[in-house]
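Numbering (our numbering), first residue to last: 242 to 603.
The block underneath contains the structure these notes are about, expressed in structure tokens.
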Ligand code: NAP
């Protein structure tokens, strides 16, 4: 079996950024982007191209100010091969086509990022890595369809997935008023000057509620207990913000809306036996934690209590196994932004390149 110099696992901004840097360093990276046909990937939000592929417009990734939809279409047509253009053609053609100016969408950005990596020679396999053996070098990785591959260095960039409540009505309105990322989606026109609902009681929920309070008419922070889990400073921020209204001892039992209007409200159910309540709302943000996609590592890399891969050196992407590097949300419970993921992807490729050189392998 031939041994790859570097294998990248993942296909979000961290993975493609790592791939671009690794390919330009002549490491001939092999990227496992995930299996698009494995139904659990669709259901879990772990399908190829990561969380960005599940978002709408990305207004906070530098270099993509809003532009005319037709110009974005011309760019996609020029940058992508026909089969990949077809995956984003609905933005420009047909009855779902956009009009006017807009920011680039997550799915477009991920197709462009993938193509950028391919252009520099990255080989892409559309399969999942389901198991790894990092106990000896070269490292061995096992794919879902039964292949085995080996590598001198590995970059883990499998991301994390946002937790949702799990209601069918919530699922129906994802990308149509239901989101799990206020920073990604909160500033969209649909949420401006509308009542919004944030579910959760941790730091993320408070952060999202505070962020959304800049745009919303009111933010209902729905928490299942009568005490926030968030740190004291974050709690103070929520409790002193006049636009945040606490809904204690409550869970969202149903999301209401229409296909045309998206979310129009939610039903709150009491966790302490009180009456249910209907709230008008233009959006609902789930902030009930993230799950890093690390199950396939099964004790092979040191992870924290939640499952995030631990970086073992400050400001480096080294992990507990020498030669294995981690980038993006899979190792980042704090920032979780596309641009920080792309940054750490670059760092991981540089770390891998330098580490391989130190081993005399490159
Ligand atoms: P978290 O601390 O695990 O909080 C999740 C919240 O969601 C909890 O309040 C939990 O309720 C609630 N929850 C969980 N499942 C639920 C369900 N099915 N239905 C309703 N509510 C549910 O997650 P996080 O807020 O994403 O924070 C993750 C980590 O990142 C934490 O260490 C946090 O400190 C850190 N973080 C820090 C900052 C910051 O410092 N600025 C910002 C964001 C995140 P219970 O409380 O009842 O369990």
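Backbone N, C-alpha and C fix where the C-beta goes; we use that ideal spot for every residue, glycine too.
Asked	Found
I'd like the ranges of any alpha helix (DSSP H) spanning at least 4 consecutive residues and lying wholly in the region 525–576.	none
Opposite residue 390 in the DSSP bridges: which residues?	382
Are residue 566 and residue 576 close, meaning C-beta to C-beta below 8 Å?	no
Of all the alpha helix (DSSP H) runs that stay within the bounds of the region 335–383, which reach a length of 4 or more residues?	347–360
At what residues does the beta strand (DSSP E) containing residue 494 begin and finish?	491–499
Over the uninterrupted beta strand (DSSP E) stretch that includes residue 486, give me the two end residues.	485–488
Taking residue 213 as the reference, give the member of 570, 267, 346, 327 with the closest Cα.	Residue 213 is absent from the model: the chain starts at 242 and stops at 603.
With DSSP as the reference, label residue 602 as helix, strand or coil.	coil
Between residue 589 and the rest of its own chain, which residues show a CB-CB distance below 6 Å, the 5 nearest in sequence each way excluded?	259, 396, 558, 566, 568
Kindly give me the distance between the Cβ atoms of residue 485 and residue 454, rounded to whole angstroms, as I take these residues to be in contact under 8 Å.	6 Å
With distances taken Cα to Cα, identify the nearest neighbour of residue 245 among 358, 294, 363.	363
Could you spell out the range, first to last residue, of the beta strand (DSSP E) harbouring residue 445?	Taken as a continuous stretch (DSSP letters only), residue 445 belongs to no beta strand (DSSP E), being part of the alpha helix (DSSP H) at 444–453.
Residue 426 and residue 279 look like a contact to me (Cβ under 8 Å); what is the Cβ gap, rounded to whole Å?	No, residue 426 and residue 279 are not in contact; Cβ-Cβ is about 26 Å, not under 8 Å.
Could you check if residue 435 is buried or exposed, using at least 16 other CB atoms within 10 Å of its CB as the buried criterion?	buried
Roughly how far, in whole angstroms, is the beta-carbon of residue 507 from the beta-carbon of residue 493, given that I think they are within contact range, below 8 Å?	5 Å
Among the residues of its own chain, which have a CB less than 6 Å from the CB of residue 548, if the five just before and after it don't count?	533, 535
Would a C-beta distance cut-off of 8 Å place residue 348 and residue 579 closer than the cut-off?	no
Give every residue of the same chain whose Cβ lies closer than 8 Å to the Cβ of residue 381, excluding the five residues on either side of it in the sequence, and list them in chain order.	373, 374, 389, 390, 391
So what's residue 272 in DSSP terms, helix, strand or just coil?	strand
Please write down, chain order preserved, every residue whose beta carbon lies under 5 Å from a heavy atom of the ligand NAP.	441, 442, 443, 444, 445, 448, 465, 466, 470, 529, 530, 574
Quick check on the burial criterion: 16 or more other C-beta atoms within 10 angstroms. Buried or exposed for residue 513?	exposed
If we ignore side chains and look at the alpha-carbon of each, how far apart do residue 477 and residue 447 end up?	10 Å
Quick check on residue 341: buried or exposed, where buried means 16 or more other Cβ atoms within 10 Å of its Cβ?	exposed
Determine the closest residue to residue 525 out of 597, 417, 489, with distance taken between C-alpha atoms.	417
Pairing CB atoms from the region 349–356 with CB atoms from the region 307–326, are three or more of them under 8 Å?	yes
Among all the DSSP beta bridges, which residues are the ones paired with residue 506?	497, 521
Taking C-alpha atoms, which residue in 290, 564, 242 lies nearest to residue 583?	290
Can you find the residues in the same chain that come closer than 6 Å, C-beta to C-beta, to residue 365, ignoring five residues on each side of it along the sequence?	272, 274
Taking its Cβ as the centre, do 16 or more other Cβ atoms sit within 10 Å of residue 331, making it buried, or is it exposed?	exposed
Report the option in 429, 511, 247 whose CA atom is closest to the CA atom of residue 491.	511
Just reading off the beta strand (DSSP E) that residue 248 is part of, what are its end residues?	244–250
Whole angstroms are fine: how far does the CA of residue 482 sit from the CA of residue 539?	42 Å
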